[in-house]
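Using this note's numbering, the first residue of the first sequence is number 2, and each one after it goes up by one. We put the CB at the ideal spot given by N, CA and C, even for glycine. Computed from a predicted model, the values in this text were never measured in an experiment. The block underneath contains the structure these notes are about, expressed in structure tokens.
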Amino acid sequence: MAKNIVSNARIAELLGEMAELLELAGENYFHFRAYQKAAQIVAGLTASAAAMTDEELTEVRGIGKSLAAHVAAIAATGAFPELEALRKKLPPGLPELLKVQGIGAKRAKLLYEKSGVDSVAKLKELSEKGELEKLDGFGKKSEENILSAVKFREQAGDKRMLHWEARVIAEELLKLAASLGLEKAAYAGSLRRGRETVGDIDILAVGRPDGTATEKFSKLDRVEKVLSVGPTKCSVILKDGIQCDLRVVPANLYGSAMNYFTGSKEHNVALRGLALKMGLTLSEYGLCKLADKEHKKPVASRTEEEIYKALGLAYIPPELRENRGEIELARKRALPELIELSDVKGDIHNHTAHSDGAATMEEMLARAAALGFKWYFCGDHSKPLAIANGMDYKKYEETRAELAALSKKFPKLKTGRSIEMEIMKDGSLGFSAKEAAKVDFVVGSVHSAFKMPEAEMTDRIIKALPAVDAIAHPSGRLLGKREGFTFDYGKVFEAAARAGTAFEINGQPDRQDLTDVTARKAKEAGVKILLSTDAHAAAQLDYMSMAVTVARRAGLTKSDVLNTFSYEELLTWIKRRRAKR
DNA sequence: GCCGTTTTCGGCCCGACTGTTTTCAGTCG
2 MAKNIVSNAR
12 IAELLGEMAE
22 LLELAGENYF
32 HFRAYQKAAQ
42 IVAGLTASAA
52 AMTDEELTEV
62 RGIGKSLAAH
72 VAAIAATGAF
82 PELEALRKKL
92 PPGLPELLKV
102 QGIGAKRAKL
112 LYEKSGVDSV
122 AKLKELSEKG
132 ELEKLDGFGK
142 KSEENILSAV
152 KFREQAGDKR
162 MLHWEARVIA
172 EELLKLAASL
182 GLEKAAYAGS
192 LRRGRETVGD
202 IDILAVGRPD
212 GTATEKFSKL
222 DRVEKVLSVG
232 PTKCSVILKD
242 GIQCDLRVVP
252 ANLYGSAMNY
262 FTGSKEHNVA
272 LRGLALKMGL
282 TLSEYGLCKL
292 ADKEHKKPVA
302 SRTEEEIYKA
312 LGLAYIPPEL
322 RENRGEIELA
332 RKRALPELIE
342 LSDVKGDIHN
352 HTAHSDGAAT
362 MEEMLARAAA
372 LGFKWYFCGD
382 HSKPLAIANG
392 MDYKKYEETR
402 AELAALSKKF
412 PKLKTGRSIE
422 MEIMKDGSLG
432 FSAKEAAKVD
442 FVVGSVHSAF
452 KMPEAEMTDR
462 IIKALPAVDA
472 IAHPSGRLLG
482 KREGFTFDYG
492 KVFEAAARAG
502 TAFEINGQPD
512 RQDLTDVTAR
522 KAKEAGVKIL
532 LSTDAHAAAQ
542 LDYMSMAVTV
552 ARRAGLTKSD
562 VLNTFSYEEL
572 LTWIKRRRAK
582 R
């Protein structure tokens with residue numbers, strides 16, 4: 002395999018940019034859509050697209066001869082000549098304009114051609130001078146809205162919100178449903194699908210579509226700005242800095258509306274295509290016969306389950322709705338039975354005040370017991386991570402004795418003492434091999450020298466594998482803050498499968514790493530997955546549900562995940578694994 | 001640019017809301 006092979010993420014990025022530029026250039030809708038779709042498909046592949054043959058690529062739905070050739074060219078040279086040619090043709094600031102609310106490709110093109118607007122700064126200038134409203138198709142109102150959108154962007158940037166933060170806000174809003182006169186409400190959109198970050202919060206509610214609920218919603222205290230409000234739909238920007246859309250439907254359309262509002266867009270497009278082939282049409286107003294233009298007698302609309310059934314599919318959980326092959330699996334009744342939070346019996350990677358946690362061992366145990374965990378490995382950092390007060394083996398033994406004594410207060414909770422072990426630059430550990438072998442559960446982590454070359458990082462992790470039971474937050478990324486390090490996932494997972502070492506999905510809202518894509522790849526390589534809270538406070542043990550969400554997106558089942566094991570099964574797994582080395 | 005249980009050509013998902021318009025295009029999800 003070639004060195005420094007072009008990543009799927011990079012290929013997807015280039016294809017996505019191509020789609021954007023083609024749209025700006027006024028290309029045929031379906032032409033640029035094909036690039037857009039291909040970008041998403043490549044981003045979701047577990048195999049390396051750059052390493053695939055032409056035949057393998059064209060076998061992927063949505064990638065034909067032409068796109069396969071582009072991918073191959075990018076893989077071979079790292080360059081995409083057609084894209085570069087287009088970049089030269091269009092002003093570089095034009096794609097930026099699309100990020101302003103209310104500006105699409107047509108308006109961006111018109112702004113550039115009529116007024117030479119090729120940057121957000123120039124757009125702002127034009128609207129401030131009152132020149133924008135003089136353009137065809139624009140008016141006073143458009144000018145105001147665009148100026149306000151530009152200012153909002155300057156302030157908020159285009160950052161997406163972490164899944165967990167958005168989930169907390171959404172759940173607070175849902176509590177207000179009754180006071181808005183709504184029968185029931187739930188969040189939909191990318192939040193329901195469990196995406197790691199979300200761009201807006203979508204709320205679907207059952208109620209009378211007479212505009213009272215949307216009107217009240219638009220006047221809530223936490224609303225910063227109203228974007229639109231109609232009888233059934235309302236879009237606002239919250240003071241929390243995120244857009245929130247409310248949609249109100251009657252109870253009999255809840256299923257079709259939920260399906261439509263959950264997306265993903267690509268999943269919905271594929272479902273609608275499937276419906277069309279069956280002489281049906283799918284929208285938020287139900288799955289209807291083509292002739293039933295008014296949606297008078299839906300074939301299915303009340304629940305999502307009946308819609309999937311009527312399309313000849315098994316029910317597809319929201320986390321899988323990304324058009325990454327789930328529809329085909331649903332047709333063949335071959336969808337994985339996804340892990341649920343209730344399958345999880347305990348947590349292994351977490352911290353107490355003995356290293357850098359906020360809570361005592363007892364507080365952590367109490368919370369674990371309250372959550373209904375069957376077992377709990379109480380963790381802390383190893384030396385030499387001084388910033389986190391990492392401990393040596395002597396202190397490990399002392400605190401293990403303390404834990405054993407404390408455990409008597411929680412008779413229903415089986416316990417163990419775990420260590421988040423430093424993986425040094427050369428792949429050795431923070432403890433000696435002898436010491437590490439005596440630790441109840443060793444979770445290995447890289448916390449230093451993130452910038453080492455990919456090949457060295459690959460060797461570093463592979464070298465550490467036999468001595469650690471699991472690898473924690475494998476890429477070291479912090480969403481929105483730090484990119485993390487890279488290594489050859491294929492090679493490392495292969496070695497991990499041989500060593501029997503598990504890989505972690507970390508439930509910290511800004512980590513969520515392994516990702517949905519890399520966790521799927523780990524599973525395919527035969528690597529077990531560990532779900533962790535990495536809790537640094539008792540309340541953070543709730544992050545287990547974040548880790549489960551990522552696991553579900555990765556298509557993991559109960560048997561793929563260590564946390565579903567009984568205490569005895571887990572001990573056996575650890576023993577067998579260590580016997581291998 | 002992709003794709004095929006009518007098809008290798010001619011389709012390609014559907015609707016709400018807004019603003020600028022006198023019937024609709026653009027944007028968004």
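With a Cβ-Cβ cutoff of 8 Å, do GLU323 and TYR316 count as a contact? Not a contact, by the Cβ cut-off of 8 Å.
With DSSP as the reference, please indicate the residues paired to MET547 in a beta bridge. MET547 pairs with nothing; no bridge assigned.
Strand pairing of SER383, partner residues [DSSP]: Partner(s): MET392.
Measure the CB-CB distance between ILE249 and THR233 and report whether it falls below 8 Å. Looking at the sequence itself, residue 249 is Val, so the reference to Ile does not match. Less than 8 Å divides the Cβ of VAL249 from the Cβ of THR233.
Tell me the rounded alpha-carbon separation between GLY274 and SER284. If you draw a straight line from the Cα of GLY274 to the Cα of SER284, it comes to about 11 Å.
Measure how close the beta-carbons of SER257 and ASP246 come, nearest whole angstrom, since I'm counting them as under 8 Å. That belief does not hold up - the Cβ atoms of SER257 and ASP246 are roughly 17 Å apart, past 8 Å.
Do ASP344 and THR565 have their beta-carbon atoms positioned less than 8 Å apart in this structure? Contact check for THR565 against ASP344 passes: the beta carbons are separated by less than 8 Å.
Span of the alpha helix (DSSP H) around GLN41: Where GLN41 is concerned, the enclosing alpha helix (DSSP H) stretches over 30-45.
Contact check, HIS350 vs SER419, beta carbons under 8 Å: Cβ atoms of HIS350 and SER419: closer than 8 Å.
Hey, which unbroken runs of the alpha helix (DSSP H) at 4 residues or more fall wholly within the stretch 411-461? For the stretch 411-461, the continuous alpha helix (DSSP H) assignments of 4+ residues that do not extend past its boundaries occur at 434-438, in sequence order.
Under DSSP, the beta strand (DSSP E) around TYR188 begins and ends at which residues? DSSP places TYR188 in the uninterrupted beta strand (DSSP E) bounded by 185-188.
Residues bridged to SER116 [DSSP beta-bridge criterion]: Answer is none; SER116 lacks a bridge partner.
Can you find the residues in the same chain that come closer than 7 Å, C-beta to C-beta, to GLU14, ignoring five residues on each side of it along the sequence? Annotation for GLU14: no residue places its beta carbon closer than 7 Å to its own, counting only its chain and skipping 5 residues before and after.
Residue from LEU404, GLU320 and LEU430 whose Cα sits closest to the Cα of ALA354: Of the listed residues, the one whose Cα sits closest to ALA354 is LEU404.
Got a sec? Which residues, its chain only, sit under 7 Å from LEU181 by beta carbon, not counting five neighbours each side? The residues are ALA214, LYS217 and PHE218.
Beta-carbon proximity check, ILE64 vs ILE42, cutoff 8 Å: With contacts defined by Cβ atoms closer than 8 Å, ILE64 and ILE42 form a contacting pair.
Beta-carbon proximity list for LYS66, same chain, < 7 Å, skipping 5 on both sides: Around LYS66: THR59.
Kindly indicate which residue of LEU98, ALA538, ALA555 and VAL227 has the alpha-carbon position closest to the one of GLU155. That would be LEU98, whose Cα lies nearest to the Cα of GLU155.
Does the Cβ-Cβ distance between GLU320 and ARG161 come in under 8 Å? Between GLU320 and ARG161, the gap from beta carbon to beta carbon reaches 8 Å or more.
6 Å Cβ shell around ARG193 - same chain, five flanking residues per side excluded: Answer for ARG193: THR263 and PRO319, listed in chain order.
I need the DSSP call for TYR316, collapsed to helix, strand or coil. Secondary structure of TYR316 (DSSP, three-state): coil.
In whole angstroms, give me the CA-to-CA distance for ILE202 and GLN244. Each residue's Cα considered, the two are about 6 Å apart.
Below 8 Å on the Cβ atoms is my guess for LEU136 versus LYS115; work out the distance and round it to an integer in Å. Contact holds; Cβ gap of about 6 Å.
CA-CA distance, SER433 and GLU569? C-alpha separation (whole angstroms): 27 Å.
Which term fits VAL169, buried or exposed, when burial requires 16 or more other beta carbons within 10 angstroms of its beta carbon? Classification for VAL169: exposed.
VAL101 versus ILE147 - alpha carbon distance: Going by the C-alpha atoms only, they are around 7 Å apart.
With a cut-off of 8 Å on the beta carbons, I'd call PRO96 and LEU25 a contact; round off their distance for me. Contact between PRO96 and LEU25 holds: CB atoms are separated by about 7 Å, below the 8 Å threshold.
CB GLU423 to CB LEU430, shorter than 8 Å? Yes; because the gap between Cβ atoms is below 8 Å, this pair is in contact.
Residue of GLU197, TYR490, LEU272 and LYS125 minimising C-alpha distance to LEU312: It is LEU272.
Along the alpha helix (DSSP H) that carries ASP55, what are the first and last residues, could you check? Start and end: 55-60.
Among the candidates ALA76, ARG196, GLY195 and LYS176, whose CA atom is the shortest distance from the CA of ALA187? With distances taken between Cα atoms, ALA187 lies closest to LYS176.
Same chain, Cβ closer than 6 Å to GLY94, neighbours up to 5 away in sequence not counted: Within the same chain, ASP119 and SER120 come within 6 Å of GLY94 by CB-CB distance, once the 5 residues on both sides are set aside.
Under a three-way DSSP split, which group does GLY373 fall into? Assigned with DSSP and collapsed to three states, GLY373 falls in coil, not helix or strand.
Can you tell me where the beta strand (DSSP E) with ARG248 in it begins and where it stops? Per DSSP, ARG248 belongs to the beta strand (DSSP E) from 244-250.
Whole-number beta carbon distance between LEU532 and VAL549, since they are thought to touch under 8 Å: Confirmed, about 6 Å.
Give every residue of the same chain whose Cβ lies closer than 8 Å to the Cβ of PHE153, excluding the five residues on either side of it in the sequence, and list them in chain order. GLN102, LYS226 and ILE238, listed in sequence order.
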